[in-house]
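Numbered according to our numbering, the sequence shown terminates at residue 569, and the numbering increases by one at each position without gaps. Written out below as structure tokens is the structure these notes cover.
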Amino acid sequence: MFLDLDGIGPQYAQLTRALKGAILDGRMAAGTRLPSTRELAQQLEVSRTTMLAAYEQLRAEGFIYGRVGSGSYVSRLQLASSQQPDDNATAPPTSRYTERARNLRNRGIAGMHYGLRYDLLYGDPVTNPALNAAWGRELARAAAYSSLRVTSSWGLPALRQQICDYLARRRGVQTRPENVQIVTGTQQAYALCARVLLDEGDTAVLEDPNYFGAYHVLVAHGANLYPVRTDDEGLVCAELPDAPPKLISVTPSHQFPTGSVMSLPRRLELLRYAASKRSWIVEDDYDGELRYDGHPLAALRSLDENDRVIYVGTFSKTLFGALRIGYMVLPTALRDDFNAAKYLCDMSSPAIEQAALAHFMESGGFERHLRHARKELKNRRETLIAGLQRYAGERVQIVHSPAGMHVAAWLRDYDHARAEALIAYAHDRGLGLHPMAPHYFVPPPRPGLLLGYCNLSSTELREAMRLFGECLDAVPAKTD
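Next up, the structure:
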């Protein structure tokens, strides 16, 4: 008899599970006589005591029965037909949210690659080996001094105060700790915005192109999405809908993915629109700290006189993605509603990590790391752009934006099919390229690429750009 043991736990338990599986899937039919414990123990090379224990467990659970002087037999089990797999069976009903989420689950970062030597992936922060050691010390300190009880769903007061101080210095946002909500990142912030502000069918304005995470959350929630075009000055406010939308999602400091910055006239126009329509603005400031031509721009929230802006920030881009700590600066009218939604979602964010981050910020470690990261990212950005100019030349148009963690570049004279062929060829050569088209509601007239530079050293970026040039030579815009 062949039995596949799973290797988990004592041998008798493994034997019990293996025999149950053989009975339930029909390999051992009802009435089948089992080998004796002595015989089966010899076949499987286990002790007879182990085999006896397995048989006794199966008898106790009713899977087998014994006949005096005859042996052990498989019981006749009255299994319901639903216990047998049926590919044609109708799945149990689920919510509309679940159906929409299921349809979206395969839509993540466009063109994801794995195991490539040079992957120009965007979104991951720069690696700083010194940060690992510093963070380890902060965690150890926090673990020694933190309470092990569940904290407030608002987040630790110490961290909220540090965020207030930081935003006032670096982003021009004046707020109080009671208006700061700690979340597990930008994605949870959007999920809470959808739950608090939108009913199914409500209108939400989204930039075109846009951050796919916001798109997914709003679609899964059942929002009626209203795309508004962006240009070199950010969201084109003149194209906002006449009917009041409940929510407007923008990335004004560094539009994702194009990199444009919303101009001051557009910012003021958007704020006037939101106030007149009684709409809420979600300002996603995902990498506003990372500017390389001077001080970071003030956030949209800093201009908001009517308290209509929900400011969303994250430490996943400035520190590391695994941290999973972000925050929201909430309008006073929404504080209690968001806190109630957060409590129902997960009660509170991890307390020890919050304590570690609060002390890291208070001690100056966070801003020292930011200075290092900005210097390193500026060097890598310049290396990537120099490589593009040298190896790609006029075949790409670089979008000027001295900020963020990626460079946007348009492919001259390529169509989308040819761009896909270029991406596939580059993948085979060990180079990961990522298209812009999936971030648009309707693909743009020409294809573009998002070229991330955080994951590769300057030396690797130079080699990646050389390889990119070879790929452009091998897959030109037009075939002969």
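All C-beta atoms, glycine included, are put in the ideal place defined by N, C-alpha and C.
With a cut-off of 8 Å on the beta carbons, I'd call residue i and residue j a contact; round off their distance for me.
i	j	result
A440	T240	4 Å
P298	H528	4 Å
V418	V262	6 Å
H547	N468	What sits at residue 547 in the sequence shown is Ser, not His. The Cβ separation is near 6 Å, so the contact holds.
G541	G212	7 Å
S368	P341	Not really, about 15 Å apart at Cβ, beyond 8 Å.
T421	D396	6 Å
G402	Y416	5 Å
R470	A388	That belief does not hold up - the Cβ atoms of R470 and A388 are roughly 22 Å apart, past 8 Å.
D321	G493	Wrong, their Cβ atoms sit about 15 Å apart, outside the cutoff.
L205	H516	7 Å
R463	E483	In fact, because the Cβ distance is near 30 Å, the residues do not count as touching under 8 Å.
L61	L108	Absent from the structure is residue 61, since the part of the chain shown begins at 90 and ends at 569.
V308	Q276	In fact, because the Cβ distance is near 14 Å, the residues do not count as touching under 8 Å.
C282	V215	Their Cβ separation, rounded to whole angstroms, is 28 Å, which puts C282 and V215 out of contact at 8 Å.
L67	H495	No information on residue 67 is available, as it lies outside the stretch 90 to 569 that the chain covers here.
R413	G274	5 Å
Please determine, among the options, the residue with the shortest C-alpha to C-alpha distance to residue i.
i	options	result
Y279	P266, V339, I252	V339
R249	A232, V272, D435	V272
G519	D396, Y207, D393, V163	Y207
L129	T139, S438, L286	T139
A386	L466, G410, D374	Looking at the sequence itself, residue 386 is Leu, so the reference to Ala does not match. The shortest C-alpha separation from L386 is found at D374.
Y480	A563, L286, V398, D320	A563
E378	R355, L466, M436	L466
Q251	P333, R535, G158, F449	F449
R165	A119, L94, G493	A119
K335	C253, R318, T292	T292
R122	E322, S161, L281, E188	S161
R284	T421, N428, H495	N428
L245	E296, M436, M494	M436
N217	P532, H461, Q478, A411	H461
N544	A553, P536, W243	A553
R424	L408, I512, V398	V398
G453	V371, E509, T183, Y255	Y255
G537	M525, V531, G98	M525
F152	S184, G558, M117	M117
C560	R551, A510, E549, P533	A510
L408	H458, P124, C253, S125	H458
Q344	A497, N192, I474	A497
S352	V371, E372, I337, V325	V325
R555	A513, V531, L473	L473
R189	C282, Y304, I370, L412	Y304
P533	T319, P565, A513, Q478	T319
G530	R355, L360, Y300, P565	The identity of residue 530 in the sequence shown is Phe, whereas the question assumes Gly. Among R355, L360, Y300, P565, the Cα nearest to that of F530 is on Y300.
R156	E150, R185, S125, T183	S125
A231	A247, G476, I112, E289	A247
L433	I337, L220, S242	S242
Quick one: what's residue i bridged to in DSSP?
i	result
Y400	E372, V418
T319	L324
W243	For W243, which the question treats as bridged, DSSP gives no partner whatsoever.
E128	Its beta-bridge partners do not exist; DSSP assigns none.
W224	According to DSSP, which records beta bridges pairwise, W224 is partnered with nothing at all.
H495	G541
E134	DSSP, once it has assigned bridges, lists no residue as partnering E134.
Y186	According to DSSP, Y186 bridges with nothing at all.
E296	V317
L500	V485
I153	V163
Y207	L520
R122	Y162
R380	A492
So, does the CB of residue i fall closer than 9 Å to a CB anywhere in chain D?
i	result
G519	Of the protein chains in this structure there is only one, and it is not chain D.
Within the chosen definition, does the segment 304-321 reach the segment 254-268 through at least 3 CB pairs nearer than 8 Å?
-> no
Which ranges would you report for the alpha helix (DSSP H) in the segment 329-370 if only whole runs of at least 4 residues count?
-> 353-366
Counting only runs that start and end within the segment 256-291, where is the beta strand (DSSP E) found for 3 or more residues in a row?
-> 269-272
Does the segment 98-110 touch the segment 139-149, meaning 3 or more C-beta pairs lie closer than 8 Å?
-> yes
Is the segment 355-373 close to the segment 495-505, with three or more CB pairs under 8 Å?
-> no
At least 3 beta-carbon pairs within less than 8 Å: the segment 476-494 vs the segment 339-350 = yes
Per the contact definition of three or more C-beta pairs closer than 8 Å, is the segment 442-460 in contact with the segment 218-236?
-> yes
Can you give, in chain order, each stretch of the beta strand (DSSP E) that sits fully within the segment 399-487 and has at least 3 residues?
-> 415-418, 485-487
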